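**Q** Here the numbering used here is used: position 5 in the sequence shown is 6, and no number is missing along the way.
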Amino acid sequence: MTLSVGLALAGSASCGPRFDYVGTWTGDRDLPVPEGGNPAVARTLGKIELTILANGRFEMLHEGLPKTGTVRYESDRAFLEIKSILGEAVKEMGEPVVRHNRALELRPVDLNSIELRDPAGFYPEPVVLRRKTQPSG
Numbered sequence: 002m003t004l005s006v007g008l009a010l011a012g013s014a015s016c017g018p019r020f021d022y023v024g025t026w027t028g029d030r031d032l033p034v035p036e037g038g039n040p041a042v043a044r045t046l047g048k049i050e051l052t053i054l055a056n057g058r059f060e061m062l063h064e065g066l067p068k069t070g071t072v073r074y075e076s077d078r079a080f081l082e083i084k085s086i087l088g089e090a091v092k093e094m095g096e097p098v099v100r101h102n103r104a105l106e107l108r109p110v111d112l113n114s115i116e117l118r119d120p121a122g123f124y125p126e127p128v129v130l131r132r133k134t135q136p137s138g
């Protein structure tokens, strides 16, 4: 009996993410404005808005560009596979863009905060996103 309960619990733990990422998340990289630079441009490049849908897809504004794609879960982490940028398929954008396009990683910080890591981005430092909305039910 103990073995079957343990196996059932182990199996249920692998059925999905341990953290609920579904909902809208926002954050800001608070980028410095270079001398003579436009503060509005820095704000636009630093703003992040991410919506993760229950169907395994996401939409986001990141580095000033709208991006969409799919979500993959591993343990308590989520990985965002970007499929389109500005409405154009990444695979159609040429080899340099395809090669540069690596999955973004999400890690939970607490119930209402996640950390976004972009290993191939212009700004690779992690940034914390806060939960803005969560679907009910």
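Cβ coordinates follow ideal geometry from the N, Cα and C atoms, glycine included.
As the structure is a prediction and not an experimental result, all values here were calculated from the model.
What's the gap between the Cα of Ala-139 and the Cα of Arg-108?
**A** The requested residue 139 does not occur in the structure, where the chain is confined to residues 2 to 138.
**Q** Exposed or buried, Gly-70, counting other C-beta atoms within 10 Å across all chains shown (16 or more means buried)?
**A** Its Cβ being crowded by 16 or more others within 10 Å, Gly-70 is buried.
**Q** By Cβ distance below 6 Å, which residues in the same chain neighbour Phe-20 in space, the five residues on each side in sequence not counted?
**A** Closer than 6 Å at the Cβ level, and outside the excluded window around Phe-20, lie Asp-77, Pro-109.
**Q** Check whether the stretch 85-95 touches the stretch 53-72, counting contact only when three or more Cβ pairs, one atom from each stretch, lie closer than 8 Å.
**A** Yes, since at least three Cβ pairs between the stretch 85-95 and the stretch 53-72 fall closer than 8 Å, the two stretches touch.
**Q** According to the neighbour-count rule (16 or more other Cβ atoms, all chains shown, within 10 Å of its Cβ), is Arg-30 buried or exposed?
**A** Buried, by the Cβ-count rule.
**Q** As a quick exercise: from Tyr-22, Glu-64, Glu-106, pick the residue whose alpha carbon is nearest that of Arg-44.
**A** Answer by Cα proximity: Glu-64.
**Q** Leaving out five residues on either side along the sequence, give the residues of the same chain with a beta carbon under 6 Å from the beta carbon of Glu-60.
**A** For Glu-60, where only same-chain residues beyond five positions count, the Cβ hits under 6 Å are Thr-52, Thr-69.
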